[in-house]
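Okay, structure first, notes after.
Written out as structure tokens, the structure reads:
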């Protein structure tokens with residue numbers, strides 16, 4: 001049986017976020033729940049590590065791990081391996097927990113309902129307009145009406161695709177034993193779309209999820225337009241690799257509805273690949289043109305997939 005030293009382990013994969021790390025940590029420390037904070041510094045070259053160590057010197061429940069730069073997925077997995085909490089919450093350190101959140105109450109609700117996964121809501125704001133927020137749309141009308149909704153992970157997956165797909169990982173409170181039982185972790189071989197691939201694996205599990213109407217996270221959207229992104233062969237190849245892994249999930253899915261949902265997710269990622277190829281220079285366009293077929297474009301258009309480019313950021 002798994003031992004728990006804390007109710008919740010917060011895992012922060014950290015890389016060059018010195019401007020935001022303190023705000024994130026303060027928002028977590030403000031929560032009264034019994035917790036630990038695991039900061040995995042992924043080879044930062046700014047003062048992020050210094051800030052993290054300063055907090056660890058003041059708070060005994062803050063653990064700092066310093067590694068060479070291996071990417072966000074490896075950092076998240078490393079944090080999970082050392083976590084001692086009953087539940088896990090991954091938070092990117094440029095985001096903050098909402099000041100009105102009472103995570104102790106959420107934890108008690110999870111225990112009362114005997115669920116392994118609870119999903120809350122998030123609020124978008126941009127760096128240049130911190131007071132202009134854009135709330136995400138819950139995946140179920142019941143939640144929109146301010147009532148919690150218990151559903152299977154497969155049902156949640158379907159509703160998520162219908163409401164726009166993008167789901168911030170910081171909105172999930174997940175039992176560590178559930179993650180271990182289902183061998184859930186982040187794919188370290190990809191650098192694009194790691195959240196989406198993890199979500200597919202999560203929603204493929206045979207269990208339930210409780211979605212609540214409460215705001216968990218303030219999600220910082222960095223000011224960078226799609227047209228301002230310079231495409232590289234490295235990024236495009238990374239996207240192709242992510243597509244291959246999603247394709248493998250679809251091929252291995254036995255449940256017909258799960259296979260269909262993963263197929264729709266694959267269409268979303270192919271849409272983004274199409275967008276990225278269009279933003280590339282002429283040489284890269286020619287190199288990757290064979291991936292963008294008329295059949296592909298017809299596929300995602302025929303499904304009316306509503307996409308949000310942040311899913312690949």
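In the UniProt record's numbering, the protein residues as written are 1 to 313.
We put the CB at the ideal spot given by N, CA and C, even for glycine.
Under 7 Å between C-beta atoms of residue i and residue j
i, j, result
"residue 48", "residue 18", "yes"
"residue 37", "residue 28", "yes"
"residue 269", "residue 245", "no"
"residue 93", "residue 6", "no"
"residue 233", "residue 175", "no"
"residue 120", "residue 216", "yes"
"residue 80", "residue 31", "no"
"residue 156", "residue 219", "no"
"residue 126", "residue 23", "no"
"residue 89", "residue 10", "yes"
Paired residues, beta bridge with residue i - DSSP
i, result
"residue 151", "209"
"residue 271", "Per DSSP, none; premise fails for residue 271."
Cβ-based neighbour list, residue i, same chain, cut-off 8 Å, excluding 5 preceding and 5 following
i, result
"residue 266", "243, 246, 247, 250"
Beta-carbon proximity list for residue i, same chain, < 7 Å, skipping 5 on both sides
i, result
"residue 177", "2"
"residue 66", "41, 49"
Outcome for residue i when other beta-carbon atoms lying within 10 angstroms are tallied against a minimum of 16
i, result
"residue 280", "buried"
"residue 257", "exposed"
"residue 45", "exposed"
"residue 108", "exposed"
"residue 135", "A caution first: residue 135 carries a pLDDT of 49, below 50, which makes its placement in the model too unreliable to give a value."
"residue 238", "buried"
"residue 69", "exposed"
"residue 168", "buried"
"residue 113", "exposed"
"residue 214", "buried"
"residue 15", "buried"
Spatial neighbours of residue i in its chain, beta-carbon cut-off 6 Å, leaving aside the 5 residues before and after
i, result
"residue 153", "203, 205, 207, 209"
"residue 25", "55"
"residue 75", "13, 40, 42"
"residue 185", "77"
"residue 188", "73, 74"
Requested in this report: Just list the beta strand (DSSP E) runs in the segment 158–226, keeping only unbroken ones of 3 residues or longer that don't cross its boundaries, in chain order.
Outcome: 172–175, 208–221
Query raised in the report: Which residue spans inside the UniProt domain "Glycosyltransferase 2-like" (9–147) form an unbroken alpha helix (DSSP H) run of at least 4?
Result: The DSSP assignment places 21–29, 48–58, 72–82, 103–113, 141–144 as complete runs of the alpha helix (DSSP H) inside the UniProt domain "Glycosyltransferase 2-like" (9–147), in order along the chain (cut-off: 4 residues).
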